[in-house]
Amino acid sequence: MEKEFVLTKEEENLLLDILFQQNYASEILAVELTDIENGLKQIDVTQYKKITRLFYRLKNKGY
Numbered sequence: 076m077e078k079e080f081v082l083t084k085e086e087e088n089l090l091l092d093i094l095f096q097q098n099y100a101s102e103i104l105a106v107e108l109t110d111i112e113n114g115l116k117q118i119d120v121t122q123y124k125k126i127t128r129l130f131y132r133l134k135n136k137g138y
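Below, the structure is given as structure tokens:
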């Protein structure tokens with residue numbers, strides 16, 4: 076059983092800043108989409124569309 080792990084807002088913002096600075100944000104989304112498309116993860120269509128839109132928004136902005 077996994078233990079709950081909660082980040083503070085400051086930690087969340089720091090993590091997001093680093094993901095963007097290192098250009099990993101779109102890479103993480105690409106891996107998530109690949110896992111979904113290959114049947115490794117189950118997700119509803121609405122969530123899949125949200126992830127896809129976010130991925131393309133990031134790519135269009137150079138992330």
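Each residue of the sequence shown is one higher than the one before, counting from 76 in my numbering.
All C-beta atoms, glycine included, are put in the ideal place defined by N, C-alpha and C.
Model, not experiment: these values are computed from the prediction.
If distances are taken between C-alpha atoms only, which option among the options comes closest to residue i?
| i | options | result |
| --- | --- | --- |
| D110 | N98, Y123, A100 and V81 | Y123 |
| K136 | N98, N113 and T121 | N98 |
If I measure Cβ to Cβ from residue i and keep anything under 7 Å in the same chain, skipping five residues before and after, which residues do I get?
| i | result |
| --- | --- |
| I118 | I111 |
| L108 | I126, T127 and F130 |
Assuming residue i and residue j are in contact, meaning their beta carbons sit under 8 Å apart, how far apart are those beta carbons, in whole angstroms?
| i | j | result |
| --- | --- | --- |
| L133 | L104 | 7 Å |
| V131 | A100 | In the sequence as displayed, the identity of residue 131 is Tyr instead of Val. Incorrect: roughly 12 Å between the Cβ atoms, too far for contact. |
Between which two residues does the alpha helix (DSSP H) containing residue i stretch?
| i | result |
| --- | --- |
| V120 | V120 to N135 |
| T83 | Neither: T83 is in no alpha helix (DSSP H) and is coded neither H nor E. |
| L104 | A100 to E112 |
Subject >> the stretch 87-94 touching the stretch 120-129, judged by at least three CB pairs closer than 8 Å >> reply: With a cut-off of 8 Å, the stretch 120-129 and the stretch 87-94 do not count as touching, because too few Cβ pairs lie within range.
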